[in-house]
Amino acid sequence: MRSCGVLAGLVACGSPISNAPFLEEARFLGALPSRERLGPPERVFLAPNSDNAVLDAAKRSATEYDELVTLPILVGDRLRGVVPTQRTDIRRAWDPTELLLDLSEALPPGAGQGSLAAWVQGVVEIPASGDLQLEIELALAQEGPWERVATGTYDGSSAGTLSWDLAASASALKLAPSVPLAQLDVTFDDLAQEEQAERQLDVAYGHTASIAQLWVIVSDSVLGFSGLLQVTEDGALLPGGATVVHTPYGGWGLGTVLTASGELAFETCWSEVGLTVYAGGDEGVRRSGSRDACPEGALEP
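783 is the number of the first residue of the sequence shown in our numbering; add one for each residue after it.
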């Protein structure tokens, strides 16, 4: 009788190891939220405290965004960490699973304090045609009542969508937020920047598209955001938007603000420790420093 070595024999005896089951499982689990996919751009989020108003606004915006995605990430991690109770060729389902939450971290400020034990259940399935479909429900007790808080899609490779209703989440947990909560809508592609294999997110948070707060995230260095910015000579806080890049060598930002007389464009850059090197733009925008002193590659098309 022929014998085989433990490793080499698996191939030599005609019993090759296949990674297909692992890839198939990863395909289903890939539909669940994760920090790798949804987290803020780390280099902006963790940038040094700065005298630059644009970088400072970007850091605040990244923190606000992080507070919105914490609950989806916690839920995704919890489901990913337990074995699905139903597993078929087209479906993964998780029966009620306990989820311990620190409300001051899991939800935006004003949504709740203290900690509680909640329950989560979810399903990822392949429809007759199209992308994988995700649905997640929350409840305060294992027996319910259950409330659907999230739906999503995933192409099984890198791209998809996630809609997470934070107001419904608070309702499911019997919380009475002191601030109104809304829905978070995310379009993602983990490999959007093909050459660098970097992610891109387009995010809206609000009750309607016309008043939503917006973010665009590319890799871990770029944040586009809407909000209040302080870039004019009079120091006024004005609504606008900016795109900020922060690297180990410094960073830069550019955008526009809306004044009573129209839009003003601005641009700025800072050192690796967050100190302003240059600020400028249209008439009325605060000016300082030299554009030529910006980090290499800054403010180039």
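C-beta atoms are modelled at their ideal positions from N, C-alpha and C, and glycine is treated no differently.
| Short check: CB of ALA932 to CB of SER945, under 8 Å? | On the sequence shown, residue 932 is found 150 positions in, with the first residue counted as 1. On the sequence shown, residue 945 is found 163 positions in, with the first residue counted as 1. Taking 8 Å as the Cβ cut-off, ALA932 and SER945 qualify as a contacting pair.
| Sequence ranges, alpha helix (DSSP H) only - wholly within the segment 921 to 980, length at least 4 | 948 to 954
| What does ALA875 pair with, by DSSP beta-bridge criteria? | In the sequence shown, counting from the first residue as 1, residue 875 sits at position 93. DSSP, once it has assigned bridges, lists GLN868 and VAL905 as partnering ALA875.
| query | Just checking my contact of VAL1067 with LEU1036 at CB under 8 Å: how many whole Å lie between their CB atoms? | reply | Numbered from its first residue, the sequence shown carries residue 1067 at position 285. Numbered from its first residue, the sequence shown carries residue 1036 at position 254. Contact doesn't hold; Cβ gap of about 11 Å is too wide.
| query | With DSSP run on the structure shown, which of helix, strand or coil describes ALA1042? | reply | Residue mapping note: residue 1042 aligns to position 260 of the sequence shown, counting from 1. Note: ALA1042 maps to coil in three-state DSSP.
| message | For a minimum of 3 consecutive residues, which ranges assigned as the beta strand (DSSP E) are wholly contained in the segment 1011 to 1057? | response | 1020 to 1029, 1032 to 1041 and 1044 to 1052
| said: For PRO959 and HIS1028, I'd like the C-alpha separation in whole angstroms. | reply: Counted from its first residue, the sequence shown places residue 959 at position 177. Counted from its first residue, the sequence shown places residue 1028 at position 246. Near 34 Å, if we compare the C-alpha coordinates of HIS1028 and PRO959.
| request: Return the first residue and the last residue of the beta strand (DSSP E) that VAL857 is part of. | output: Translated into the one-based positions of the sequence shown, residue 857 becomes position 75. Taken as a continuous stretch (DSSP letters only), VAL857 belongs to no beta strand (DSSP E), being part of the alpha helix (DSSP H) at 835 to 862.
| query | Whose C-beta lies closer than 7 Å to the C-beta of PRO1083 among residues of the same chain, with five residues either side of it excluded? | reply | As a working note, residue 1083 is residue 301 in the sequence shown. With a pLDDT of 49 at PRO1083, under the threshold of 50, the predicted position of this residue should be treated as unreliable, though the coordinate-derived value follows. Here the set comprises nothing.
| query | Which residues in the same chain as GLU887 place their Cβ atom closer than 8 Å to its Cβ, once the five residues preceding and following it in sequence are excluded? | reply | Start at 1 with the first residue of the sequence shown, and residue 887 comes out as number 105. These residues qualify, in order along the chain: THR852.
| task | Please state if the CB of PHE970 and the CB of ARG874 are separated by a distance shorter than 8 Å. | result | Locating residue 874 in the sequence shown gives position 92, counting from the first residue. Locating residue 970 in the sequence shown gives position 188, counting from the first residue. For ARG874 and PHE970, no; Cβs fall outside 8 Å.
| request: May I ask you to report which of helix, strand or coil DSSP gives SER886? | output: Numbered from 1 along the sequence shown, position 104 holds the residue referred to as residue 886. Three-state result, SER886: helix.
| query | Which partner residues of ASP984 appear in the DSSP bridge assignment? | reply | As a position in the sequence shown, residue 984 is number 202, starting the count at 1. Paired residue(s): THR969 and VAL998.
| How many whole angstroms separate the CB atoms of LEU1005 and PRO823, which I take to be in contact at a CB cut-off of 8 Å? | Counting from 1 along the sequence shown, the entry for residue 1005 is found at position 223. Counting from 1 along the sequence shown, the entry for residue 823 is found at position 41. Rounded, the Cβ-Cβ distance is 5 Å, consistent with contact.
| query | Are the beta-carbon atoms of TRP997 and LEU837 separated by less than 8 Å? | reply | For the purposes of this step, residue 997 is identified with residue 215 of the sequence shown, where counting begins at 1. For the purposes of this step, residue 837 is identified with residue 55 of the sequence shown, where counting begins at 1. Cβ atoms of TRP997 and LEU837: not closer than 8 Å.
| field | Status (buried if at least 16 other CB within 10 Å, exposed otherwise) for ASN831 | value | Mapped onto the sequence shown, residue 831 falls at position 49. Classification for ASN831: exposed.
| said: Quick check: what's the CA-CA separation for ALA829 versus ALA840? | reply: Here residue 829 refers to the residue found at position 47 of the sequence shown. Here residue 840 refers to the residue found at position 58 of the sequence shown. Their Cα atoms are separated by approximately 9 Å.
| task | Could you check if GLU880 is buried or exposed, using at least 16 other CB atoms within 10 Å of its CB as the buried criterion? | result | Indexing the sequence shown from 1 puts residue 880 at position 98. Classification of GLU880: exposed, given that the 10 Å Cβ count is below 16.
| message | For LEU922 and PRO854, I'd like the C-alpha separation in whole angstroms. | response | Start at 1 with the first residue of the sequence shown, and residue 922 comes out as number 140. Start at 1 with the first residue of the sequence shown, and residue 854 comes out as number 72. Near 16 Å, if we compare the C-alpha coordinates of PRO854 and LEU922.
| Between the CA atoms of GLY1079 and GLY1033 - distance to the nearest angstrom | Here residue 1033 corresponds to residue number 251 of the sequence shown, with the count starting at 1. Here residue 1079 corresponds to residue number 297 of the sequence shown, with the count starting at 1. Each residue's Cα considered, the two are about 9 Å apart.
| task | State the Cα-Cα distance for the pair GLY787 and LEU973, rounded to the nearest angstrom. | result | Sequence index remark: in the sequence shown, residue 787 carries index 5 (1-based). Sequence index remark: in the sequence shown, residue 973 carries index 191 (1-based). Bear in mind that a pLDDT of 43 at GLY787, under 50, signals an unreliable position, so the model cannot answer this.
| request: Ignore the nearest five residues each way along the sequence and tell me which others in ALA986's own chain have a CB closer than 6 Å to its CB. | output: In the sequence shown, the residue the question calls residue 986 occupies position 204. So the qualifying residues of the chain are ASP967, ALA994 and LEU996.
| field | Cβ distance (whole Å) where LEU948 is taken to contact LEU920 below 8 Å | value | In the sequence shown, residue 948 corresponds to position 166, counting from 1. In the sequence shown, residue 920 corresponds to position 138, counting from 1. Actually they do not touch by this definition, with Cβ atoms about 11 Å apart.
| message | In this structure, how does DSSP classify GLU919 when only helix, strand and coil are distinguished? | response | Taking the first residue of the sequence shown as 1, we reach residue 919 at position 137. Reduced to three states, the DSSP call for GLU919 is strand.
| Between CYS1076 and the rest of its own chain, which residues show a CB-CB distance below 7 Å, the 5 nearest in sequence each way excluded? | Reading the sequence shown from its first residue, position 294 is the one you call residue 1076. So the list reads TRP1034, CYS1051, VAL1059 and TYR1060, once near-sequence residues are dropped.
| message | According to DSSP, simplified to helix, strand and coil, what is ASP1064? | response | Locating residue 1064 in the sequence shown gives position 282, where the first residue counts as 1. Looking at ASP1064 - three-state DSSP - the assignment turns out to be coil, as it is neither helix nor strand.
| query | Does the beta carbon of LEU955 sit closer than 8 Å to a beta carbon anywhere in chain B? | reply | Among the protein chains of the structure shown there is no chain B, as only one such chain exists.
| message | Quick check: the Cα distance between THR935 and SER1072, rounded to an integer number of angstroms? | response | Working through the sequence shown from its first residue, we reach residue 935 at position 153. Working through the sequence shown from its first residue, we reach residue 1072 at position 290. Using only the alpha carbons, I get a separation of about 47 Å.
| task | Using the DSSP secondary-structure output, state which residues sit across from ALA910 in a beta bridge. | result | Taking the first residue of the sequence shown as 1, we reach residue 910 at position 128. None; ALA910 has no bridge partner.
| Cut-off 8 Å between Cβ atoms - residues of its own chain near GLY988, not counting five sequence neighbours on either side | Residue mapping note: residue 988 aligns to position 206 of the sequence shown, counting from 1. Only ALA964, GLN965, ALA994 and GLN995 meet the Cβ criterion.
| Run of the alpha helix (DSSP H) containing GLU1078, from where it starts to where it stops | The residue you call residue 1078 lines up with position 296 of the sequence shown. GLU1078 -> no alpha helix (DSSP H), and no H or E assigned at all.
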